[in-house]
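Counting from 1 along the sequence shown, just add 12 to a position and that's the residue number in the numbering used here. Data block below; observations after.
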Amino acid sequence: MASKKILRRPQPESLAGWGQKLPPLLRRLYAARGVTSDEQLSYTLKHLASPMSLQGIDRAVELLAEAIGQQERVLVLGDFDADGATSTAVAMLGLSMLGLQSIDFRVPSRFADGYGLTPGIIERLRDEGELPDLMVTVDNGISAIEGVRVARELGVKVVVTDHHLAGEELPDADAIVNPNQPGCPFLSKNAAGVGVMFYVLTALRKHLRETGRLPQPEPNLGSLLDLVALGTVADVVPLDHNNRIFVEQGLRRIRQGEARPGILALLEVAGRDHTAISSTDLGFVVGPRLNAAGRLDDMSIGIACLLADSPDEARRLARELDTFNRERRTIEKDMKAQAQDLLASMSLDLEGLPWGLALFDLDWHQGVIGILAARIREQTHRPTIAFAPDDNGEDIKGSARSIPGLHIRDVLAAVDSRHPGMMKKFGGHAMAAGMTLAKADLDAFSAAFDQAVRDTLCAEDLEAAITTDGPLGPDELSLDTAALLKRAGPWGQHFPEPLFDGEFRVVSQRIVGENHLKLVLQPVDGGGIVDGIAFNTGPEVPDYTRTGARVVYKPDANTFRGRTNLQLLVDYLEPL
Numbered sequence: 013m014a015s016k017k018i019l020r021r022p023q024p025e026s027l028a029g030w031g032q033k034l035p036p037l038l039r040r041l042y043a044a045r046g047v048t049s050d051e052q053l054s055y056t057l058k059h060l061a062s063p064m065s066l067q068g069i070d071r072a073v074e075l076l077a078e079a080i081g082q083q084e085r086v087l088v089l090g091d092f093d094a095d096g097a098t099s100t101a102v103a104m105l106g107l108s109m110l111g112l113q114s115i116d117f118r119v120p121s122r123f124a125d126g127y128g129l130t131p132g133i134i135e136r137l138r139d140e141g142e143l144p145d146l147m148v149t150v151d152n153g154i155s156a157i158e159g160v161r162v163a164r165e166l167g168v169k170v171v172v173t174d175h176h177l178a179g180e181e182l183p184d185a186d187a188i189v190n191p192n193q194p195g196c197p198f199l200s201k202n203a204a205g206v207g208v209m210f211y212v213l214t215a216l217r218k219h220l221r222e223t224g225r226l227p228q229p230e231p232n233l234g235s236l237l238d239l240v241a242l243g244t245v246a247d248v249v250p251l252d253h254n255n256r257i258f259v260e261q262g263l264r265r266i267r268q269g270e271a272r273p274g275i276l277a278l279l280e281v282a283g284r285d286h287t288a289i290s291s292t293d294l295g296f297v298v299g300p301r302l303n304a305a306g307r308l309d310d311m312s313i314g315i316a317c318l319l320a321d322s323p324d325e326a327r328r329l330a331r332e333l334d335t336f337n338r339e340r341r342t343i344e345k346d347m348k349a350q351a352q353d354l355l356a357s358m359s360l361d362l363e364g365l366p367w368g369l370a371l372f373d374l375d376w377h378q379g380v381i382g383i384l385a386a387r388i389r390e391q392t393h394r395p396t397i398a399f400a401p402d403d404n405g406e407d408i409k410g411s412a413r414s415i416p417g418l419h420i421r422d423v424l425a426a427v428d429s430r431h432p433g434m435m436k437k438f439g440g441h442a443m444a445a446g447m448t449l450a451k452a453d454l455d456a457f458s459a460a461f462d463q464a465v466r467d468t469l470c471a472e473d474l475e476a477a478i479t480t481d482g483p484l485g486p487d488e489l490s491l492d493t494a495a496l497l498k499r500a501g502p503w504g505q506h507f508p509e510p511l512f513d514g515e516f517r518v519v520s521q522r523i524v525g526e527n528h529l530k531l532v533l534q535p536v537d538g539g540g541i542v543d544g545i546a547f548n549t550g551p552e553v554p555d556y557t558r559t560g561a562r563v564v565y566k567p568d569a570n571t572f573r574g575r576t577n578l579q580l581l582v583d584y585l586e587p588l
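This is the structure in structure tokens:
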């Protein structure tokens, strides 16, 4: 494991006024994550921000209500990731529940179309005689200047629902609902695309109810919250209070077995018990299997799984997605090995590497470069862009992943302002982005990207750090604590799952499964023996039995042969 600084999350000076009924450990953890009132820990739907403060929602509702009233043909244009897939499913199911009969969806091909609503998609719909009356984009559209223009020229009304950051120019759509568009007063700027679409549906239901046009019995949009939770977690948006409500409500439905058959089937093929899942399972178990379809083939398969009403059909599609995910892992493993060779050719150590990494290989797969960039970012603690060839043979497509303190889209905007036209298109978030450029411009872009990163960061920002919640006392190092923390979520981006650190005597250690380090630990300040496991350490590790170790860990319950014991999931360890 590469060396990291271990930092401890600061605690507020006072915890007065809230959380009096909470266990002291939970109160401390919540306070360190910015909680200042009991209301911020209430995850009932009444605490959701009102959809009516979303700019443009009135016009979007008007157009959708008109489409229902006149039974227009509506096409949902999705995206090829998990947020796009869940957004598409929510739009399809929700609009059908609210009375729309003629509705279908399209998902751009990552390989043939690229991202979002492009002129080519509209022109293909025209050529196929499939132009809709109204198009609704989900999880995309805010940068589709030309696509929206062509659609409207051909008589298609366009409602954009998105959450990505807006560029200098907005598309000339009939309505735009995006909390991150200029001037939007909506409180939760962190909503995922699926959350934005869910809000549009709730506003539409309110309008139909007030005008006496709501189908009876009244549709329960809450039945879509499992999808909203999945898309929110899988897109790694910050879990502010609003998003935690979405996730917690969705998790409750899944645990009760009231989720879409497709979500239950994806958990089943992964060997997870739906009655005991957490937000981590959505992010690391369900999300990757859903994403694998869009990475390697066609996200329509993933959407079909989410839309399936039959458990048998859902299982069939979930097994297909699981196969894609296994293939994705194999491709990623090979690409990572190639990336390691590229890094080695640049420098023998981290100090000699560029501050901003731009890596390319002719054999890399467009669908996996985002994961590859994330893996290299984790290893080097540098903002990383992985490029793969575009299908036209002249361009390359890049997927970027950032580090804390660097807004990757802003860095790309700085590159674009200094070198206009070098990037043919780009967009994204603070932590992830994508771009296209000519292969011939890669060297110039790499230098410009590295310089823009150097202009933004200082050397200390490149030192990898891991932030913990400090130590657990001997009485807290227990199965009860593991269960308490699992129930206390949902944890996620910007509301991180608790991590603890402490000094341990290492009673024994051994490699299991070729790459994992199995440990028997005892706290140096007293306490009993406890098991630990560090995954993917590789076979070569120090002999911690001689030195002891400082360990960063999460307490977890491990069941083996019918017995459940405390096990520490080790994120990081170093010799004492």
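Yeah, the Cβ is synthetic: ideal placement off N, Cα and C, and Gly gets one too.
Boundaries of the alpha helix (DSSP H) in which residue i is found, first to last residue
i    : result
K218 : 205 to 222
K530 : No alpha helix (DSSP H) holds K530; the beta strand (DSSP E) holding it covers 528 to 535.
E515 : Careful: E515 lies outside any alpha helix (DSSP H), inside the beta strand (DSSP E) at 512 to 524.
L319 : 312 to 319
T594 : Residue 594 lies beyond the residue range present for the chain, which begins at 13 and ends at 588; the question has no answer from this structure.
R21  : That residue, R21, is in no alpha helix (DSSP H); it is neither H nor E in DSSP.
D422 : 420 to 430
T287 : Neither: T287 is in no alpha helix (DSSP H) and is coded neither H nor E.
F258 : 253 to 267
V297 : Premise fails: V297 is in no alpha helix (DSSP H) and is neither H nor E.
L276 : 273 to 281
Buried/exposed call for residue i, threshold 16 Cβ in 10 Å
i    : result
L374 : exposed
E78  : exposed
V189 : buried
A28  : exposed
I478 : exposed
F461 : buried
T56  : exposed
A277 : buried
Q261 : buried
Q193 : buried
L360 : With a pLDDT of 46 at L360, under the threshold of 50, the predicted position of this residue should be treated as unreliable, and no value is reported.
L585 : buried
H176 : buried
T480 : buried
F572 : exposed
A330 : buried
N404 : exposed
A204 : buried
H506 : exposed
F438 : buried
Q579 : buried
8 Å contact criterion, which residue i and residue j should meet: CB distance rounded
i    : j    : result
S65  : L216 : At roughly 16 Å, the Cβ-Cβ gap does not stay under 8 Å, so S65 and L216 are not in contact.
W503 : S291 : 6 Å
P395 : R387 : Wrong, their Cβ atoms sit about 14 Å apart, outside the cutoff.
G111 : G159 : Actually they are not in contact, since the Cβ atoms of G111 and G159 sit about 28 Å apart, beyond 8 Å.
L533 : V553 : L533 to V553, Cβ: 14 Å. No contact.
P587 : T493 : Going by Cβ atoms, the distance from P587 to T493 rounds to 26 Å, so no, they are not a contact pair.
F399 : A370 : 7 Å
H302 : G283 : Looking at the sequence provided, one finds Leu at residue 302 rather than His. Not confirmed; about 16 Å, so no contact.
Residue span of the beta strand (DSSP E) that contains residue i, given as start and end
i    : result
S587 : Before going further, note that residue 587 is Pro rather than Ser in the sequence given. Unbroken beta strand (DSSP E) run through P587: 575 to 587.
P131 : That residue, P131, is in no beta strand (DSSP E); its alpha helix (DSSP H) goes 131 to 139.
D568 : 561 to 572
G439 : 435 to 440
R619 : Because the chain in this structure spans residues 13 to 588, residue 619 falls outside the shown range and cannot be described.
K498 : K498 -> not in any beta strand (DSSP E); alpha helix (DSSP H) instead, spanning 491 to 499.
D407 : 407 to 413
F399 : 396 to 401
D543 : 542 to 546
T392 : It is not in any beta strand (DSSP E) - T392 instead sits in the alpha helix (DSSP H) that spans 381 to 392.
G446 : 444 to 450
Closer than 7 Å to chain C by CB, residue i
i    : result
G195 : Chain labels in this structure do not include chain C; a single protein chain is all it has.
Taking one C-beta from the region 166 to 178 and one from the region 52 to 61 each time, how about it: are there three or more such pairs within less than 8 Å? With a cut-off of 8 Å, the region 52 to 61 and the region 166 to 178 do not count as touching, because too few Cβ pairs lie within range.
How about the region 481 to 499 and the region 403 to 416: do they share at least three Cβ pairs that are nearer than 8 Å? No, the region 481 to 499 does not touch the region 403 to 416.
Between the region 303 to 320 and the region 270 to 285, are three or more C-beta pairs nearer than 8 Å? Three or more Cβ pairs drawn from the region 303 to 320 and the region 270 to 285 lie within less than 8 Å of each other, which places the two stretches in contact.
Does the region 146 to 160 come within contact of the region 80 to 91, defined as at least 3 CB pairs closer than 8 Å? Taking 8 Å as the limit for Cβ pairs, the verdict is that the region 80 to 91 does touch the region 146 to 160.
Pairs of beta-carbons, one from the region 109 to 129 and one from the region 239 to 254, closer than 8 Å: are there three or more? Contact fails: fewer than three Cβ-Cβ distances are below 8 Å.
What are the complete alpha helix (DSSP H) segments, minimum 4 residues, inside the region 30 to 111? The qualifying runs are 36 to 44, 69 to 81, 94 to 109.
Ignoring anything shorter than 4 residues, give me the alpha helix (DSSP H) runs that lie fully in the region 135 to 183, in order along the chain. 157 to 165, all fully within the region 135 to 183.
Could you tell me whether the region 553 to 564 touches the region 507 to 514, using the rule of 3 or more Cβ pairs below 8 Å? Judged by Cβ distances under 8 Å, the region 553 to 564 makes contact with the region 507 to 514, as three or more pairs qualify.
Determine, using beta-carbon pairs with one atom in the region 302 to 317 and one in the region 328 to 346, whether at least three such pairs fall under 8 Å. Yes, since at least three Cβ pairs between the region 302 to 317 and the region 328 to 346 fall closer than 8 Å, the two stretches touch.
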